[in-house]
Amino acid sequence: MEMPRRALLKVIVLGDSGVGKTSLMNQYVYKKFSQQYKATIGADFVTKEVQIDAKLVTLQIWDTAGQERFQSLGSAFYRGADCCVLVYDVNIQKSFEILNNWHKEFVKQADPVDPEAFPFILFGNKIDVDGGSSRVVSEKTAREWCASRGDIPYFETSAKEGYNVHEAFLCVAKMALAGEHEQEHDIYFPGISETVSEVEQRGGCAC
Amino acid sequence: MLSKQELKSESAESWGHGSLPFVLEDDISKQALLLTELSKKVINMGQLRRIASQGIPDGAGIRSTVWKLLLGYLAPDRSLWSSELAKKRSQYKHFKEELLMNPSEIARRLEKTTVLNNDNGKSESRCVLSRSEITHGEHPLSLGKSSVWNQFFQDSEIIEQIDRDVKRTHPDLHFFSGDSSLAKSNQDALRTILTVFAKLNPGIRYVQGMNEILAPLFYILKNDPDEEMAACAEADTFFCFVELLSGFRDHFCQQLDNSVVGIRSTITRLSQLLKEHDEELWRHLEITTKVNPQFYAFRWITLLLTQEFNFADSLHIWDTLLSDPEGPQGSSLYHSLAKYFDEHLYLYGWKRWHTFGKMAPLWFHLLATSLFNIGLK
Numbered sequence: 010m011e012m013p014r015r016a017l018l019k020v021i022v023l024g025d026s027g028v029g030k031t032s033l034m035n036q037y038v039y040k041k042f043s044q045q046y047k048a049t050i051g052a053d054f055v056t057k058e059v060q061i062d063a064k065l066v067t068l069q070i071w072d073t074a075g076q077e078r079f080q081s082l083g084s085a086f087y088r089g090a091d092c093c094v095l096v097y098d099v100n101i102q103k104s105f106e107i108l109n110n111w112h113k114e115f116v117k118q119a120d121p122v123d124p125e126a127f128p129f130i131l132f133g134n135k136i137d138v139d140g141g142s143s144r145v146v147s148e149k150t151a152r153e154w155c156a157s158r159g160d161i162p163y164f165e166t167s168a169k170e171g172y173n174v175h176e177a178f179l180c181v182a183k184m185a186l187a188g189e190h191e192q193e194h195d196i197y198f199p200g201i202s203e204t205v206s207e208v209e210q211r212g213g214c215a216c
Numbered sequence: 002m003l004s005k006q007e008l009k010s011e012s013a014e015s016w017g018h019g020s021l022p023f024v025l026e027d028d029i030s031k032q033a034l035l036l037t038e039l040s041k042k043v044i045n046m047g048q049l050r051r052i053a054s055q056g057i058p059d060g061a062g063i064r065s066t067v068w069k070l071l072l073g074y075l076a077p078d079r080s081l082w083s084s085e086l087a088k089k090r091s092q093y094k095h096f097k098e099e100l101l102m103n104p105s106e107i108a109r110r111l112e113k114t115t116v117l118n119n120d121n122g123k124s125e126s127r128c129v130l131s132r133s134e135i136t137h138g139e140h141p142l143s144l145g146k147s148s149v150w151n152q153f154f155q156d157s158e159i160i161e162q163i164d165r166d167v168k169r170t171h172p173d174l175h176f177f178s179g180d181s182s183l184a185k186s187n188q189d190a191l192r193t194i195l196t197v198f199a200k201l202n203p204g205i206r207y208v209q210g211m212n213e214i215l216a217p218l219f220y221i222l223k224n225d226p227d228e229e230m231a232a233c234a235e236a237d238t239f240f241c242f243v244e245l246l247s248g249f250r251d252h253f254c255q256q257l258d259n260s261v262v263g264i265r266s267t268i269t270r271l272s273q274l275l276k277e278h279d280e281e282l283w284r285h286l287e288i289t290t291k292v293n294p295q296f297y298a299f300r301w302i303t304l305l306l307t308q309e310f311n312f313a314d315s316l317h318i319w320d321t322l323l324s325d326p327e328g329p330q331g332s333s334l335y336h337s338l339a340k341y342f343d344e345h346l347y348l349y350g351w352k353r354w355h356t357f358g359k360m361a362p363l364w365f366h367l368l369a370t371s372l373f374n375i376g377l378k
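And the structure:
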């Protein structure tokens, strides 16, 4: 009997520097939050296995650098993506305004077959800061933007408190799976997720 | 001359925290050689590079001086040191005064000049300028490109970026991070150096990752056992940073990404070097697993390997990188990398490979998978 092929879904996380891309990813994959992440240079990825209905899929989540200077280097990382997560900080206006830019740049560089139908999703992160009192972008504004972009799904998250992170990424996985296209991915090593968990278990004492 | 065997002992020491007596002896002899070289009236740079490239002993307290020499900040002729240092430090002080002044201060000074000029014309002095005499260009709401305020608002975006990254520079080290006054003043120094650099280099300004290149320099210079040197660490680090970056500043420049001096062609050259050096590994990465070299090499090159290893190890790697006569650039970077992988990764890396993995997951996956698949060297 032939073994069912396990789907590998490539997800790209984009957004301004410091909005919490790395933290969201690590909260989702390792259920941990740290104030101590370094700025991401280039790109990194983590993998996580997710069960969606009866299907087991591997999410390969790519974390990217947030400074605009790095945008032009994105194409190598963006190619073959199944879903693009845009992240902004609800407390910083500029990180919201620049979303158009990230959206446009992704479409240009990833060059998906049907840009209109390509699955995007928006996360409004850091809703925990000051109990919400330093917030400058309202949920309504964010949802209006999402509607104007072809009704892309929106999640309000707190990577720090783990709020809504799991739900948001589950939606990512479902969207990626629904639109999964048959194509060769740039990078995939069988057995990579096992290696990841092994490293994680050694975790704290490795140094 | 140190033999190959001795060279490997040095590597074992820096990688394995070994305490074998012959390793210590090797360190002591190296320290003696370096001290002898440093005490000469005119230092033989070739000799200094040769010894330093094998790693500078940690306990000797001479890395700060050696790095300044290797970077060309200190001249080989020791008699020039004090005057040169004094000149550079005053130049840095000047940069700070000129570039870090806030716009209201600039406006205030302009205003003062205007008043003085007026005073020369009329004998009666006035304390308040009438509105019309504030030049249009210098009003905070002016949209004029030359307005000091416009410049200020443009700068503030870069300053915020610098601030964000300085706060997350080596968050695991007390020297750089935490609430202590030491960490705070060190962060201030990093922030000031990067801001002055950004203002003096409008074509590049600040690019994420510069903080990581700056941190080892500042750490070493600030911990110089010579108190006078340590006190001037900020100014000295600034110039060392400029020297270091001058070799590969083009990597940070987006407009040059696709040019022969840009990051992409450097990555391609690294891949070619890997092919020459180790075709089997190259074939595995490039052909079997189709790994784009950009995935692993981008960070290696732009950050000079500072994020791939723990801090103490990266200082040893820098001894080698900075000792290269061509500087940490051109073909020397690739040779240093290749040499490094050859000597450290293949021979010693396996003891600590899970540590590498924790710090650089992608790199770990690449090498672990590749090397396991093609068999250990």
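Taken in sequence, the protein lines are chains B and Y. So the first sequence is numbered by the numbering used here: it starts at 10 and just counts up by one. So the second sequence is numbered by the numbering used here: it starts at 2 and just counts up by one. Think of the CB as a built atom: it goes at the ideal place given N, C-alpha and C, for glycine as much as any other residue.
Comparing alpha-carbon positions, which option in the options lies nearest residue i?
i, options, result
"Y39 (chain B)", "B:K57, B:D53, B:D139", "B:K57"
"E148 (chain B)", "B:G159, B:K113, B:F164, B:Q45", "B:F164"
"Q255 (chain Y)", "B:C92, B:A156, B:E170, B:Q76", "B:Q76"
"L316 (chain Y)", "Y:T37, Y:K42, Y:A216", "Y:A216"
"G83 (chain B)", "B:K103, B:G51, B:V55, B:L108", "B:G51"
"E213 (chain Y)", "Y:L201, Y:D156, Y:E287, Y:W319", "Y:W319"
"P124 (chain B)", "B:H112, B:V66, B:R152", "B:H112"
"T321 (chain Y)", "Y:A53, Y:L257, Y:S40, Y:L35", "Y:A53"
"L179 (chain B)", "B:K103, B:G24, B:N100, B:L33", "B:L33"
"D78 (chain Y)", "Y:K42, Y:K97, Y:A313, Y:R109", "Y:K42"
"A63 (chain B)", "B:K135, B:S143, B:A16", "B:A16"
"R250 (chain Y)", "Y:L305, Y:H175, Y:A87, Y:F96", "Y:L305"
"V167 (chain Y)", "B:A187, B:K183, B:A48", "B:A48"
"S247 (chain Y)", "Y:Q209, Y:E287, Y:I205", "Y:I205"
"L100 (chain Y)", "Y:I194, Y:D189, Y:F310", "Y:I194"
Output needed for residue i: all residues of its chain with C-beta closer than 6 angstroms, excluding positions within five of it in sequence on either side, in chain order.
i, result
"H252 (chain Y)", "I264, T303"
"S272 (chain Y)", "P294"
"Y46 (chain B)", "T31"
"Y93 (chain Y)", "A236, F239"
"G62 (chain Y)", "P226"
"I107 (chain B)", "D25"
"G27 (chain B)", "none"
"C93 (chain B)", "I21, F115, F129"
Can you give the beta carbon distance from residue i to residue j, rounded, assuming they're within the 8 angstroms contact cut?
i, j, result
"F115 (chain B)", "T166 (chain B)", "Not really, about 20 angstroms apart at Cβ, beyond 8 angstroms."
"C241 (chain Y)", "L218 (chain Y)", "5 angstroms"
"E244 (chain Y)", "G73 (chain Y)", "6 angstroms"
"Q36 (chain B)", "G171 (chain B)", "6 angstroms"
"R192 (chain Y)", "D164 (chain Y)", "6 angstroms"
"F102 (chain B)", "V59 (chain B)", "In the sequence as presented, Phe is not what sits at residue 102 (chain B); that position holds Gln. That belief does not hold up - the Cβ atoms of Q102 (chain B) and V59 (chain B) are roughly 33 angstroms apart, past 8 angstroms."
"H171 (chain Y)", "F312 (chain Y)", "6 angstroms"
"N109 (chain B)", "K135 (chain B)", "Incorrect: roughly 20 angstroms between the Cβ atoms, too far for contact."
Could you tell me the boundaries of the beta strand (DSSP E) in which residue i lies?
i, result
"Y163 (chain B)", "163-165"
"L131 (chain B)", "129-134"
"Q60 (chain B)", "52-61"
With a CB to CB cut of under 7 angstroms and the five nearest residues on each side skipped, what residues in its chain are close to residue i?
i, result
"N86 (chain B)", "In the sequence under discussion, the amino acid at residue 86 (chain B) is Phe, which differs from the Asn named in the question. Taken in chain order, the residues that qualify are I21, A52, W71, T73."
"N259 (chain Y)", "R265"
"I161 (chain B)", "F129, I130, L131, C155"
"R300 (chain Y)", "Q308"
"G24 (chain B)", "K30, G75, L95, V96, Y97, S104, W111"
"E38 (chain Y)", "I44, N45, Q48, L49, I52"
"Q32 (chain Y)", "P58, A61"
"K89 (chain Y)", "A236, F240"
"S178 (chain Y)", "H171, P172, A184"
I'd like the list of long-range same chain contacts for residue i, defined as Cβ closer than 8 angstroms, with 5 residues on each side in sequence excluded.
i, result
"L222 (chain Y)", "S65, W68, K69, M230, A231, A234, D237, T238, C241"
"R50 (chain Y)", "L71, S324, D325, P326"
"R152 (chain B)", "Y163"
"S20 (chain Y)", "In this prediction, S20 (chain Y) has a pLDDT of 38, which is less than 50 and means its spatial position is unreliable; what the coordinates show is noted afterwards. Same-chain partners within the cutoff: there are none."
"L68 (chain B)", "L18, V20, T56, K57, E58, V59, F178, V181, A182, A185"
What are the start and end residues of the alpha helix (DSSP H) that includes residue i?
i, result
"K19 (chain B)", "Here K19 (chain B) belongs to no alpha helix (DSSP H); instead the beta strand (DSSP E) covers 16-24."
"I52 (chain Y)", "46-53"
"L316 (chain Y)", "312-324"
"Y74 (chain Y)", "Element bounds for Y74 (chain Y): n/a, residue is neither H nor E."
"Q92 (chain Y)", "82-100"
"R152 (chain B)", "148-157"
"V262 (chain Y)", "Per DSSP, V262 (chain Y) belongs to no alpha helix (DSSP H) and is neither H nor E."
"N35 (chain B)", "30-39"
"K236 (chain B)", "Since the displayed chain B opens at 10 and closes at 216, residue 236 (chain B) lies outside it and no answer follows."
"Y297 (chain Y)", "294-303"
Just to confirm the assignment: which complete beta strand (DSSP E) runs, minimum length 3, are found wholly within the segment 71-124 of chain B?
You should have 92-98.
Could you tell me which whole alpha helix (DSSP H) segments of length 4 or greater appear in the segment 164-250 of chain Y?
182-201, 211-223, 228-232, 234-247
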